[in-house]
Amino acid sequence: MSTSSLRQLSLALAGENKTVKGFTRMQWRIAALAPGDQGPHVLDLQLYMTERAAYRFNLGSAEPRLFVRCGFSGEHPDPTAITASQDVAAGWMDGEQQVLEAPMPLAIQVWLEAYLARHGEAPPEGRKKKRKGAGRAQEDQV
Numbered sequence: 055m056s057t058s059s060l061r062q063l064s065l066a067l068a069g070e071n072k073t074v075k076g077f078t079r080m081q082w083r084i085a086a087l088a089p090g091d092q093g094p095h096v097l098d099l100q101l102y103m104t105e106r107a108a109y110r111f112n113l114g115s116a117e118p119r120l121f122v123r124c125g126f127s128g129e130h131p132d133p134t135a136i137t138a139s140q141d142v143a144a145g146w147m148d149g150e151q152q153v154l155e156a157p158m159p160l161a162i163q164v165w166l167e168a169y170l171a172r173h174g175e176a177p178p179e180g181r182k183k184k185r186k187g188a189g190r191a192q193e194d195q196v
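The working numbering numbers the first residue of the sequence shown as 55 and each following residue consecutively.
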């Protein structure tokens with residue numbers, strides 16, 4: 055693993071009871087997130103070449119975010135992974151994983167921009183040529 059594509063991040067979680075329609079449940083959030091290994095939970099943020107388009111999309115948003123996988127929904131959160139890719143986070147949620155999000159620290163935004171500058175933007179997805187007759191019903195010939 056290259057150190058230019060790996061950063062350690064520390065985070066702390068906080069929970070508060072929320073009552074909705076008479077039912078109370080614990081709602082978790084990321085209370086603190088910072089570069090380094092000084093917090094109660096330390097995760098490695100690994101960047102991947104295949105996720106460059108997702109990183110660019112995230113950085114281009116009004117407020118870039120980081121996403122933390124915290125085990126299965128409904129369970130006490132146990133942070134196990136972190137990503138800057140909304141695509142990866144969506145995959146975790148599809149697998150019924152609990153995903154918490156937090157604003158991306160400026161230091162991580164700068165590091166991510168440098169990664170994209172060093173490795174280039176993701177190649178644009180080219181238009182695929184349609185086969186003649188594709189997508190249309192064909193008449194049966196007798």
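Where a beta carbon is used, it is the ideal one built from N, C-alpha and C, also for glycine. Predicted model only: the values in this text are computed from it and were never measured.
Item to check | Residue of 137, 90, 109 and 73 minimising C-alpha distance to residue 122 | outcome: 137
Item to check | Inter-stretch contact at 8 Å, needing at least 3 Cβ pairs: the region 104-120 / the region 69-82 | outcome: no
Next on the checklist: Only counting the same chain, and skipping five residues up and downstream in sequence, which positions put a Cβ closer than 6 Å to that of residue 105?
Outcome noted: 139
Checklist entry - Terminal residues of the continuous alpha helix (DSSP H) containing residue 52? => result There is simply no residue 52 to check, as the chain begins at 55 and stops at 196 in what is shown.
Checklist entry - Thinking C-alpha only, which one of 166, 172, 61 and 173 is nearest residue 114? => result 166
Checklist entry - Nearest-angstrom Cα distance between residue 172 and residue 71? => result 44 Å
Item to check | Pair within 8 Å by beta-carbon distance, residue 66 and residue 159 | outcome: no
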